[in-house]
Amino acid sequence: MARRKKVYEGKGKVLYEGPEPGTFVQYFKDDATAFNSEKHDVIEGKGVLNNRLSEFFMSGLNAIGVPTHFIKRINMREQLIRQVEMIPLEVVVRNIAAGSFSKRLGIDEGEPLPRPIVEFYYKDDALGDPLVTEEHILAFGWAGQQDLDDMVALALRVNDFLSGVLLGVGIRLVDFKIEIGRIWEGDYMRLVVADEISPDSCRLWDIKTGNRLDKDVFRRDLGDLADAYTEVARRLGVLPQTSAPLGKPTLIN
Ligand code: UDP
């Protein structure tokens, strides 16, 4: 079989040229990184779980009319996506204080916020993805005013959808990060949710116990990351109820 052309390799995923122009194949790796890659490990099965979970969230968003880059899952670790022009920002939505927000503003982790707060971070590993304001974004042309308004609206719709779906399975959506891209259709451009939505990019707390079911398990050495992600997948019906050997999830179609 002919080798595929690799377009990009990141910390957790690889992008290959897709079968049709305007498409990519997104491959989910088992690598886990934190603190700007200072901490790194390979968690067997993580890529398989994130591929399924991202499929679950993105196809749900597509179904309610929130556009995403997701087309279909191809196999255990790969999904077909639309090629987009990435906006170099991470869009974070917060419902409850945690992580860098708690540190920066001195607000205890777990403190509910008066309303969802949307933040932008400039994607630059060398700078450690700094928090930026709309002024920076407009002045440097990373996005325009209309894009900013659309990105906030998109992020809040994603927040409502994810919060509701997760609440239904006893999980609190504390915060999450999305990335947004542009798709051109003739002269028209629209913004779509891109990259991935998985426990790597969300903070998920069990409503009853407060247990962390996200990447903080890895960042803060709180236990087995694959167990936590398996729990999320199982509750959402992405995995069967019966348990599988650690790190080797049995997946349903
Ligand atoms: N996040 C992410 N990638 C990043 C930075 C943050 O996916 O490069 C997610 C993170 O998992 C959390 C949210 O964005 O759900 C807010 O993260 P925060 O700013 O609190 O940073 P952290 O404390 O994770 O460094």
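Numbering of the sequence shown is given in the numbering used here, commencing with residue 3 and proceeding in unit increments.
From the three backbone atoms N, C-alpha and C, an ideal C-beta is built for every residue, glycine too.
Beta bridge counterpart(s) of residue i as assigned by DSSP
i    : result
K41  : A36
L17  : Y10, Q28
L133 : Y123
V194 : G183
L175 : L206
E92  : Y123
P114 : I98
Buried versus exposed, by CB contacts within 10 Å (16 or more), residue i
i    : result
V195 : buried
N255 : Reliability fails at N255, whose pLDDT of 47 lies under 50, so the model's placement of it is uncertain and the value that follows must be treated cautiously. Exposed, by the Cβ-count rule.
A141 : exposed
F37  : exposed
H71  : buried
M191 : exposed
D149 : buried
A186 : The sequence given here has Trp at residue 186, not Ala. So W186 counts as exposed.
G183 : buried
P247 : Since pLDDT at P247 reaches only 46, below the 50 mark, its modelled position is unreliable, and the value read off the structure follows with that caveat. It is exposed - the Cβ of P247 has fewer than 16 other Cβ atoms within 10 Å.
E233 : buried
G24  : exposed
R117 : exposed
I66  : exposed
DSSP three-state assignment for residue i, whether helix, strand or coil
i    : result
N77  : coil
A141 : helix
T25  : strand
G170 : coil
R106 : helix
K48  : helix
D202 : coil
T70  : strand
E187 : strand
R84  : strand
N213 : coil
A100 : coil
L241 : coil
L156 : helix
R222 : coil
G62  : helix
R236 : helix
Length of the line joining the Cα atoms of residue i and residue j
i    : j    : result
K105 : R5   : 46 Å
S61  : L168 : 15 Å
G166 : P69  : 18 Å
R237 : V171 : 6 Å
K217 : F178 : 11 Å
E40  : I76  : 32 Å
F26  : M78  : 16 Å
F220 : K48  : 12 Å
S200 : L51  : 9 Å
L175 : P132 : 23 Å
W207 : L215 : 6 Å
A235 : L227 : 12 Å
G249 : G20  : For G249, the predicted model reports a pLDDT of 48, less than 50, meaning its position is unreliable and no value from the coordinates is stated.
G146 : V94  : 18 Å
H42  : G188 : 42 Å
Whether residue i touches residue j by CB criterion (7 Å)
i    : j    : result
F122 : L164 : no
E181 : S56  : no
E80  : Y10  : no
D258 : E46  : Look at the range of the chain in this structure, 3 to 255, and you will see that residue 258 is not part of it.
I109 : A100 : no
I73  : R96  : no
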